[in-house]
Amino acid sequence: MFENLSNRLQAVFTGLKKTGSIDEASLDVAMRDIRRALLEADVSLEVVKEFILEVKQKAIGQKIIESISPGQMIIKLVNDEIVNILGTTTTQIIIEGRKPASIMLVGLQGSGKTTSTAKIANYIKNKFNKKILLVSLDVNRPAAFEQLQALANKIDIEILPKVENQTPQAIAKRAITASELNKIDLILFDTAGRTSIDSALMKELSELEDIISPVETLLVLDSMTGQDAVNVAKNFSEQINLTGTMLTRIDGDARGGAALSLRMITGCPIKFIGNGEKIVDIEIFHPDRIASRILDMGDVVTLVEKASENIDQAEAEKMAERLQQGEFDLNDLLSQINQMKKMGGISSMLKFIPGMKNIGNKVNNVGDDAIKKQEAIILSMTKLERQKPKMISGSRKKRIAQGSGTVVSEVNRILKQHRKMADMMKKISKKGMSGLQDLGFPQDFNNQIPPEFLKK
Ligand SMILES: Nc1nc2c(ncn2[C@@H]2O[C@H](COP(=O)(O)OP(=O)(O)OP(=O)(O)O)[C@@H](O)[C@H]2O)c(=O)[nH]1
Ligand SMILES: [Mg+2]
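In terms of my numbering, the numbers along the sequence shown are unbroken and rise by one, the last being 1344.
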């Protein structure tokens, strides 16, 4: 899986690693190659667009870190964005919440539902030691029940016996009653497929959804269907309450585009991948591991992470030192805003000041837009204005507002915010933590912090 994409990206990155500097033109060329590689891997156009936009924006806003090359930085950004579209964190299958809890597998004909039902059941049985019942709701295809039964025998899990001429709805109800009687923890429902999405299938599935109230409804998708997989996923997710996907046949899929598109298209995580015909050919989907399988640039990613951490740490410590002296000008506010963007808020900075660690936990990040606006305003000031905010007169405010695409009241707000923080810093630096007591800490301390910094 991912061989083609992986090779293509490696080629782009080998070029990037060599270049000492990257200007906008070479960034554009690199991004164009990455875009082509993603499209050729069958990643959906929608996802590719979003991907390129994100990486480009982040690349432009990136601070130069001397110990690493711009090429390495781009590799890191691409890696992060791949992890991001794959889903950032691993999402476990839900097996509790109701007794019995139910998992329903849906999907097109031949996508691998029946096989995946057995694979997941076997995985849950071994890992969580649950009493499981398998149920075939496929009354269309001849021998559908027998196929699931054979698998059930193989993994030594019970299957609901067949009753001729029952509708899927009736079977589902029978399964729930039987499970309640037999103290079953978890029911796995295998449903019938269709050659394409039709309204009869969707109607049947929604009725089953109502009867079963599953804790998980997993869409089983054949990754070999490429771009089509994305359309199928979109359709299902619009009509059924999907909670996750299982991507099958990735053992045969050299491109891997579906894996990259699925989460964004369905809005729900990929939970499993199927990588073979045997029962044990199932893997939990770990976005970070898959990303490193695609990029295979783990060394560069770690290097960049380390370098950025060091820079952040040094900067935060330098500022903490100034704060302890009671100095806090608009340049400090600006680097604080930058820190905030990267390090998770003012809290990250406060923790470097003795005794402030716990207070740091009370304050939160500002929204992205607010941060960008504040940054633009401060960047529109001259160096001297930033050092001596008192000199910012009415006409200067107007100029700053114009330069940052904001209005004077917004400039005023940030000046006021800075004044408040500077006062607070001064008090703390003079009196240490007792300065906080003077302020009536903790209630009053919170009042000193602009509301947008406070956790809701
Ligand atoms: N290589 C490979 N084959 C798979 C995988 N998952 C399922 N298959 C095979 O795909 C074929 C169809 O699988 P089924 O589980 O019967 O698919 P289904 O969705 O239940 O099919 P219908 O019930 O007809 O809709 C079988 O031959 C499986 O062995 C996988 O991850 N890798
Ligand atoms: Mg089947």
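A virtual CB, placed ideally from N, CA and C, is assigned to each residue, including glycine.
Can you tell me which of the options puts its alpha carbon nearest to the alpha carbon of residue i?
i: E1126; options: L1106, A1179 and T1154; result: T1154
i: L1106; options: V1118, S1087, M1090 and L1135; result: L1135
i: Q1212; options: R1082, E1052, S1317 and R1143; result: S1317
i: L1109; options: V994, A1006, T1079 and K1018; result: V994
i: A989; options: L1069, V1027 and E1104; result: E1104
i: G1162; options: A1179, D1311, T1002 and L1074; result: T1002
i: N1219; options: D1176, A1264, P1175 and E1193; result: A1264
i: Q1054; options: N1070, L1069 and L1025; result: L1025
i: S1004; options: I1172, I1259 and S1067; result: I1172
i: F1124; options: D1139, E1092, I1138 and R1143; result: E1092
i: F1201; options: S1180, Q1224, A1179 and L1183; result: A small correction: the amino acid at residue 1201 is Gln; Phe does not occupy that position in the sequence shown. Of the listed residues, the one whose Cα sits closest to Q1201 is Q1224.
i: D968; options: R1177, M1279, A1006 and A1142; result: R1177
i: R986; options: T1131, E1197, L1022 and L1074; result: L1074
i: S1111; options: A1147, L1022 and V1295; result: A1147
i: L1076; options: N1028, I991 and V943; result: I991
i: N1028; options: K1018, N1017, K1013 and D1078; result: D1078
i: D1116; options: D1139, L1130, I1085 and M1090; result: I1085
i: D911; options: K944, A899 and L926; result: K944
i: G998; options: E1165, I1266, P1056 and T1294; result: E1165
i: L1089; options: Q1057, I1072 and A1066; result: Q1057
Would you kindly work out how many angstroms separate the C-alpha atoms of residue i and residue j, rounded to a whole number?
i: N1253; j: I1047; result: In this predicted model, N1253 has a pLDDT of only 43, less than 50, meaning its place in the structure is not dependable; the value taken from the coordinates is given anyway. Near 51 Å, if we compare the C-alpha coordinates of I1047 and N1253.
i: P1277; j: E1205; result: 23 Å
i: L934; j: R1151; result: Here residue 934 is Glu; the residue named in the question, Leu, does not match the sequence. If you take the alpha carbons of E934 and R1151, they lie about 12 Å apart.
i: G1145; j: N1010; result: 28 Å
i: L996; j: T1083; result: 6 Å
i: A947; j: L965; result: 7 Å
i: T902; j: V1188; result: 12 Å
i: I1167; j: N1041; result: 12 Å
i: T1113; j: S932; result: 12 Å
i: I1288; j: T1270; result: 9 Å
i: G1248; j: V1192; result: With a pLDDT of only 48 at G1248, under the threshold of 50, the placement of this residue in the model should not be trusted, and no figure is reported.
i: A1118; j: L1183; result: The residue asked about is misnamed: residue 1118 is Val in this sequence, not Ala. When rounded, the distance between both Cα atoms is 22 Å.
i: A1195; j: A913; result: 25 Å
i: F939; j: R896; result: 16 Å
i: V1299; j: V917; result: 38 Å
i: K1308; j: L941; result: 37 Å
i: Q1305; j: K1261; result: 14 Å
i: E1215; j: Q1275; result: 10 Å
i: S1094; j: A1142; result: 34 Å
i: S894; j: V1296; result: 50 Å
i: K1007; j: V1120; result: 22 Å
i: S1180; j: K1015; result: 26 Å
i: D1217; j: M919; result: 38 Å
i: A1258; j: I1138; result: 42 Å
i: G1081; j: S1149; result: 22 Å
i: H1174; j: K1122; result: 22 Å
i: T1131; j: L915; result: 37 Å
i: K937; j: L926; result: 10 Å
What are the start and end residues of the alpha helix (DSSP H) that includes residue i?
i: D1098; result: S1087 to I1100
i: E1171; result: Premise fails: E1171 lies in the beta strand (DSSP E), I1170 to I1172, not in any alpha helix (DSSP H).
i: A1063; result: P1056 to L1069
i: G1164; result: Premise fails: G1164 is in no alpha helix (DSSP H) and is neither H nor E.
i: T1136; result: No alpha helix (DSSP H) holds T1136; the beta strand (DSSP E) holding it covers G1132 to T1136.
i: Q1035; result: A1032 to I1043
i: G1145; result: G1145 to T1154
i: I1280; result: Careful: I1280 lies outside any alpha helix (DSSP H) and carries neither H nor E.
i: D1141; result: It is not in any alpha helix (DSSP H) - D1141 carries neither H nor E in the DSSP assignment.
i: E1052; result: Careful: E1052 lies outside any alpha helix (DSSP H) and carries neither H nor E.
i: M919; result: E912 to E928
i: D1176; result: P1175 to L1183
Over what stretch of residues does the beta strand (DSSP E) that includes residue i continue unbroken?
i: V1118; result: Element bounds for V1118: not the beta strand (DSSP E) but the alpha helix (DSSP H), Q1115 to Q1127.
i: V1023; result: I1020 to S1024
i: L1106; result: E1104 to D1110
i: F1077; result: L1074 to D1078
Answer yes if the segment 1089-1106 comes into contact with the segment 1054-1066, meaning at least three C-beta pairs across the two stretches below 8 Å, and no otherwise.
-> yes
Should the segment 1153-1168 be regarded as contacting the segment 974-993, the criterion being three or more beta carbon pairs within less than 8 Å?
-> yes
Between the segment 980-991 and the segment 1027-1045, are three or more C-beta pairs nearer than 8 Å?
-> no
Per the contact definition of three or more C-beta pairs closer than 8 Å, is the segment 1038-1045 in contact with the segment 955-972?
-> Contact between the segment 955-972 and the segment 1038-1045 is absent, because fewer than three Cβ pairs lie under 8 Å.
Uninterrupted alpha helix (DSSP H) stretches inside the segment 940-983 (no shorter than 4 residues) = 958-974
Length-filtered (4 minimum) alpha helix (DSSP H) runs lying within the segment 992-1017 = 1001-1016
Return the chain-ordered ranges of every alpha helix (DSSP H) run that is complete within the segment 1284-1325 and spans a minimum of 4 residues.
-> 1296-1319
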